[in-house]
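Undergrad: Taken in order, the sequence shown gives residues 0 to 96; the numbers are from numbering that gives the first Met the number 0.
Just so you know, even glycine gets a beta-carbon here, dropped at the ideal spot from N, CA and C.
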Amino acid sequence: MTINQPNVPNDFETTVLSELRQINQRLDHLETNVSNLQLKLEKVDYKFDTYQKASDSMVRLATTIIVAAATVAVLPSALSAISPLINALVTGVGSAS
Numbered sequence: 000m001t002i003n004q005p006n007v008p009n010d011f012e013t014t015v016l017s018e019l020r021q022i023n024q025r026l027d028h029l030e031t032n033v034s035n036l037q038l039k040l041e042k043v044d045y046k047f048d049t050y051q052k053a054s055d056s057m058v059r060l061a062t063t064i065i066v067a068a069a070t071v072a073v074l075p076s077a078l079s080a081i082s083p084l085i086n087a088l089v090t091g092v093g094s095a096s
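(1) Could you check the C-alpha separation between Lys42 and Ser79 for me, to the nearest Å?
(2) How many Å lie between Thr1 and Thr14 at the Cα?
(3) When you compare only the Cα positions, how much space is there between Leu60 and Asp27?
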């Protein structure tokens, strides 16, 4: 038995080192996966920021178009209604002098 005893620690050491190498390989693989996920997340964040900015710009553009269209539709009829009042004021001021 004394002959086998020196081999037992050596076998144990070999087994432990082998397991540690496997664990190290798994950790390296996980590190690579995490790095890839971080890159993908950064791309998604960039795409979302771009989408959000474009969406805000489209809302501003749509609002501007709606306000311009409403102004074009309402202003002529409003000026037609106010025109006699303005003429009366101008004529009244001109004849009062």
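TA: Straight from the coordinates:
(1) 56 Å
(2) The predicted model places Thr1 with a pLDDT of 47, which falls under 50 and marks its position as unreliable, so this point remains unresolved.
(3) 50 Å
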